[in-house]
Amino acid sequence: MPWLDLLGNDIHYTDSGSGQPVVLLHGHASAAACWEPIIAELEQDFRVLAYDTYDHGWSANSPRQGPFVDRAAELDRFISSLGLENPLIVGQSMGGMTALRWAVRNPGGAAAVVVCGMGWPLVVPPPGQPGRPEKFEVFSSLDADERIWLGVGNSFTQRWIAENPHDYARYIRVRSTATAIEAARHPRSLEQSQGEFLSADPRDVDWFQQGLESVTSPLVVMIGDEERPRIRRGAEHVAATVPGAHLLVVEDAGHNAYFQRQDILVDAIRNTAATA
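Quick note on our numbering: the sequence shown kicks off at 14 and runs consecutively.
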């Protein structure tokens, strides 16, 4: 079981397969272990790495009152600590925030970037569109009764849950580690770890917009057709802004389209890597 010190946090990760590195970033209240069935496919062709960001999985908790490590800086240190060259970055939800923020800071630094279930902006309308700033709320994943199970709200479609009850139950159990439960009982500020991504400051919005326009790594944005409206709007904006980006909309899938349709995600990663 490998571990790394990343900017002062004890971080757990997995590393399997060989070849071009693919780094997988999980979502809020999730864990690297949620990528396991996808890793089993990708490791046939790639070196696949997934880590538990702090406050998740088997990694360490942050101080309850902060300070909180910037998650894009955490990814950067993970890549440099392991000497990964030209990695393909794949992020789901909060991990998609991190992937986009890292790409803006490293416009051509990745072989490709695949963002699942995330878009930008979230707290303001896309540039040129009407609307007012609106805070992005992260719902509590804890069950109300025992407060030990980290649920997923409406991130899966009801049809998928009914057809895949064992996979759904496993997904909940895998997420519900002691580290993640502690963080859910004592919520940390997502704004402090994702910085300008969740800022309504016009200077941050302009900076990030210009950053997206400068990204040269191939980019795929994958969302379910039942994605939350604000995220879908942001995903469409990212795909329209990053030169050459591709928007992939998965039918009959929700926020966790990456897991509902693992086959589509794996094909997208393989195809993007082949053409990068």
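Ideal Cβ positions, reconstructed from N, Cα and C, are used throughout, including at glycine.
Predicted model only: the values in this text are computed from it and were never measured.
Item                                                                                                                    : Value
Identity of the residues DSSP links to residue 63 by a beta bridge                                                      : 27, 37
Contact set for residue 199: own chain, Cβ-Cβ below 6 Å, skip 5 residues either direction                               : 77
Residue 259, enclosing beta strand (DSSP E) - first and last residue                                                    : 259-263
Endpoints, the beta strand (DSSP E) within which residue 166 is located                                                 : Careful: residue 166 lies outside any beta strand (DSSP E) and carries neither H nor E.
Among 238, 277, 253, nearest to residue 268 - alpha-carbon criterion                                                    : 238
Nearest residue (CA-CA) to residue 137, options 87, 173, 213                                                            : 213
Near the ligand SAH: residue 14 beta-carbon under 7 Å from a heavy atom                                                 : Absent from the structure shown: the ligand SAH. Ligands present: none.
Beta carbon of residue 273 nearer than 8 Å to that of residue 149                                                       : no
Beta-carbon proximity of residue 207 to residue 118, cut-off 8 Å                                                        : no
Close Cβ partners of residue 222 (< 6 Å) along its chain, the five nearest in sequence each way excluded                : 140
CA nearest to the CA of residue 135, picked from 278, 257, 251, 99                                                      : 251
Simplified DSSP state of residue 235, which is helix, strand or coil                                                    : strand
8 Å Cβ cutoff met for residue 46 and residue 30                                                                         : no
Residue range of the unbroken alpha helix (DSSP H) whose run includes residue 104                                       : Residue 104 -> not in any alpha helix (DSSP H); beta strand (DSSP E) instead, spanning 101-105.
Under the three-state DSSP convention, the category residue 74 falls into                                               : coil
Pair within 8 Å by beta-carbon distance, residue 266 and residue 132                                                    : no
Under 8 Å between C-beta atoms of residue 34 and residue 17                                                             : no
Contact check, residue 13 vs residue 236, beta carbons under 8 Å                                                        : With the chain covering 14 to 289 only, the question about residue 13 has no answer from this structure.
Coil, strand or helix - residue 18 by DSSP                                                                              : strand
Own chain partners of residue 275 with C-beta closer than 8 Å, once the 5 adjacent residues on each side are dropped    : 50, 51, 54
Residue environment, residue 87, which counts as buried when at least 16 other CB atoms sit within 10 Å                 : buried
Close-in-space but distant-in-sequence residues of the same chain around residue 152 (CB under 8 Å, 5 per side omitted) : 166
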